[in-house]
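Residue numbering for the sequence shown is 1 to 402, as defined by full-length UniProt numbering.
Cβ coordinates follow ideal geometry from the N, Cα and C atoms, glycine included.
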Amino acid sequence: MVLATSFPRAARLTGSSLSLSLRQIRHKSTSTSLSASSSSSASSGPTVSPLYPHSTQLSYSLGLSYASKYSPPFIGPNDKIPPYGFMSRNKEDGITAWVNEMMDFPAGRGELVSGKEGGWSESTRKDVRKWGAGEDFFGVQRVGRDLHLSLSDGVGGWTDRADPSLFSQALCYHYSNTALQFASSSPQEILHKAYNALLADERVIAGGATLVGVRLGEEGDASFVNLGDSGYAIMRNDKIVHISEAQTHFFNCPFQLSKIPKDMQQNGVVHDTPALADTQTFEVKVGDVIILFTDGLSDNLPLSHIPRLSSQLTKLLDSPNNAHLSESERDSEFARLFADILVGYSRNAMKRTGNEDDGNGSGKGWKTPFELEASKKAPQFGFKGGKLDDITVITAVVSEQD
Numbered sequence: 001m002v003l004a005t006s007f008p009r010a011a012r013l014t015g016s017s018l019s020l021s022l023r024q025i026r027h028k029s030t031s032t033s034l035s036a037s038s039s040s041s042a043s044s045g046p047t048v049s050p051l052y053p054h055s056t057q058l059s060y061s062l063g064l065s066y067a068s069k070y071s072p073p074f075i076g077p078n079d080k081i082p083p084y085g086f087m088s089r090n091k092e093d094g095i096t097a098w099v100n101e102m103m104d105f106p107a108g109r110g111e112l113v114s115g116k117e118g119g120w121s122e123s124t125r126k127d128v129r130k131w132g133a134g135e136d137f138f139g140v141q142r143v144g145r146d147l148h149l150s151l152s153d154g155v156g157g158w159t160d161r162a163d164p165s166l167f168s169q170a171l172c173y174h175y176s177n178t179a180l181q182f183a184s185s186s187p188q189e190i191l192h193k194a195y196n197a198l199l200a201d202e203r204v205i206a207g208g209a210t211l212v213g214v215r216l217g218e219e220g221d222a223s224f225v226n227l228g229d230s231g232y233a234i235m236r237n238d239k240i241v242h243i244s245e246a247q248t249h250f251f252n253c254p255f256q257l258s259k260i261p262k263d264m265q266q267n268g269v270v271h272d273t274p275a276l277a278d279t280q281t282f283e284v285k286v287g288d289v290i291i292l293f294t295d296g297l298s299d300n301l302p303l304s305h306i307p308r309l310s311s312q313l314t315k316l317l318d319s320p321n322n323a324h325l326s327e328s329e330r331d332s333e334f335a336r337l338f339a340d341i342l343v344g345y346s347r348n349a350m351k352r353t354g355n356e357d358d359g360n361g362s363g364k365g366w367k368t369p370f371e372l373e374a375s376k377k378a379p380q381f382g383f384k385g386g387k388l389d390d391i392t393v394i395t396a397v398v399s400e401q402d
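As structure tokens, then:
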């Protein structure tokens, strides 16, 4: 068994992976070049005229991969983990049914087999469900020709009071449900309404979580909302052209939406609002790759490694052995495999001790982002290596409609 450091995030102001991939989801859209508009303090890029002014129809191919921190190799393969959050609740409950629906997407790595949906097997599906997504969760909601994606990471600092996965699952549920009910709302408006719905939801008594969401619109616009240290990136030609910035109060204490019982309201518990979320809208084009991730990725995987992994996967799918794949099949496989690679590579990074030399003989191998950040902002902890955590990644490849 491999040991790694678990470092629960603060909820107070004081003080080889499992994976799941989605069926390919498509909707009509307009292909445009990357530009950004923002209502947050984050910088935005210059406005660029649409690359395809005649409204080429687009589709989005999705991949989703996740792994709980309490899953092999960090625990034994025969260890038993109780179901997270609403997965253990009454199946007739609305949130429970929705959570199980999300968990029922075809799961596992599978192989590139023509005519099969990712080579999924029932045994792989059961294995993924067994370990779950930990305190992370996700939502996928089709609303007309728009596609809404969300990721939420329950803050571990609430563990002594409440199950953090209840909050993250409920937040994604209310986000998806609100997007369905209020189709014309912006992602930030959706988050605001979803948070109010969660505060009124008696099934969640306490907790906190981050959230990143995106609406992929029919005009080729990708509108993001991000509160906390989950995030998103946009890639073009195997290069990152934009990545979000984490919002934190101090080291390892992200901005977070929370539900605070009355007896804790004077205890300095973090209480942020959707109004503090960063919001940006980009125009995307054919071939762009959108990545949503929780901090299990960003704390462990150096930013510079992501383009390298993308480039290697591009070369693999461009090889003669995969010449039989159509363009849409290739995009679907890229999305599925890239999400899984990012999760697997990040989980390998969680096992790092900080003493590796990576074969260069210098004794100075690459450091995880969490180690580098800790050395600057919390040197008293002497933290080294990877941070054991749950991780969830959604990828979306922008393609021309068949």
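{"Check": "Is the distance from the Cβ of L292 to the Cβ of L198 below 8 Å?", "Outcome": "no"}
{"Check": "Counting only runs that start and end within the segment 157 to 221, where is the beta strand (DSSP E) found for 3 or more residues in a row?", "Outcome": "207 to 216"}
{"Check": "Could you check whether the segment 168 to 187 touches the segment 198 to 211, counting it as contact only if at least three pairs of C-beta atoms, one from each stretch, sit closer than 8 Å?", "Outcome": "yes"}
{"Check": "Which residues in the same chain have their Cβ closer than 8 Å to the Cβ of D93, if we skip the five residues on either side of it in sequence?", "Outcome": "F86, R203"}
{"Check": "Ignore the nearest five residues each way along the sequence and tell me which others in F334's own chain have a CB closer than 7 Å to its CB.", "Outcome": "L313, L317, V397"}
{"Check": "Would you say D146 and R215 are within 8 Å of each other, going by their C-beta atoms?", "Outcome": "yes"}
{"Check": "How many Å lie between G220 and K285 at the Cα?", "Outcome": "7 Å"}
{"Check": "Would you mind sorting residue 412 into buried or exposed? The rule is 16 or more other CB atoms within 10 Å of its CB.", "Outcome": "Outside the shown range of the chain, which is 1 to 402, sits residue 412, and nothing can be said about it."}
{"Check": "Can you tell which of G132, I394, A162, L372 has the C-alpha that lies nearest to the C-alpha of M264?", "Outcome": "A162"}
{"Check": "Could you work out which residue in N237, K80, L180, L276 is closest to P254 when comparing CA atoms only?", "Outcome": "L276"}
{"Check": "Looking only at its chain, what residues have a beta carbon closer than 7 Å to the beta carbon of G385, apart from the 5 residues adjacent to it on each side?", "Outcome": "T5, R352, T353, G354, T368, E371"}
{"Check": "Does the contact criterion of 3 or more C-beta pairs under 8 Å hold for the segment 239 to 246 versus the segment 176 to 195?", "Outcome": "no"}
{"Check": "If you draw a straight line from the C-alpha of K376 to the C-alpha of G228, how long is it?", "Outcome": "20 Å"}
{"Check": "Could you tell me whether any Cβ in chain C is nearer than 8 Å to the Cβ of I81?", "Outcome": "Going by chain labels, chain C is absent from the structure shown, which holds only one protein chain."}
{"Check": "S59 and S399 look like a contact to me (Cβ under 8 Å); what is the Cβ gap, rounded to whole Å?", "Outcome": "5 Å"}
{"Check": "Give me the Cα-Cα distance between S304 and K69, rounded to the nearest whole angstrom.", "Outcome": "24 Å"}
{"Check": "In whole angstroms, what separates the C-alpha of D153 from that of R330?", "Outcome": "30 Å"}
{"Check": "What number of angstroms, rounded off, separates the C-alpha of F383 from the C-alpha of E135?", "Outcome": "23 Å"}
{"Check": "Contact defined as beta carbons within less than 8 Å: I believe S223 pairs with T281. What is the distance between those atoms, to the nearest angstrom?", "Outcome": "4 Å"}
{"Check": "Who are E283's beta bridge partners in DSSP?", "Outcome": "D221"}
{"Check": "May I have the straight-line CA-CA distance separating L388 from M350, to the nearest angstrom?", "Outcome": "5 Å"}
{"Check": "Ordered along the chain, which non-local residues of its own chain (more than five positions away) have a Cβ less than 8 Å from that of E189?", "Outcome": "F182"}
{"Check": "Any idea which residues DSSP pairs E400 with across the strands?", "Outcome": "L58"}
{"Check": "Is it the case that the Cβ atoms of T395 and A339 are separated by a distance below 8 Å?", "Outcome": "yes"}
{"Check": "V155 to M102, Cα distance in whole Å?", "Outcome": "21 Å"}
{"Check": "By the three-class DSSP mapping on this structure, what secondary structure does D340 have?", "Outcome": "helix"}
{"Check": "Select from P274, K130, L149 the residue whose C-alpha is nearest the C-alpha of S88.", "Outcome": "K130"}
{"Check": "Can the beta-carbon of P307 be found less than 8 Å from the beta-carbon of I391?", "Outcome": "no"}
{"Check": "Using the Cβ count rule (16 or more neighbours within 10 Å means buried), how would you classify E327?", "Outcome": "exposed"}
{"Check": "Since V343 and A67 are thought to touch, with beta carbons under 8 Å apart, how far apart are those beta carbons, to the nearest angstrom?", "Outcome": "6 Å"}
{"Check": "Could you check how far apart the C-beta atoms of H271 and I260 are, in whole angstroms? I think they sit under 8 Å.", "Outcome": "6 Å"}
{"Check": "Could you tell me which residues DSSP puts in a beta bridge with residue 477?", "Outcome": "Coverage of the chain is limited to positions 1 through 402, which leaves residue 477 absent and any answer about it impossible."}
{"Check": "Under the three-state reduction of DSSP, which class applies to A67: helix, strand or coil?", "Outcome": "strand"}
{"Check": "Report all residues from its chain with a CB closer than 7 Å to the CB of F381; omit the five preceding and five following residues, and keep chain order.", "Outcome": "A374"}
{"Check": "Does the Cβ of G296 have 16 or more other Cβ atoms within 10 Å, making it buried, or fewer, making it exposed?", "Outcome": "buried"}
{"Check": "Could you give the DSSP three-state label for F138: helix, strand or coil?", "Outcome": "strand"}
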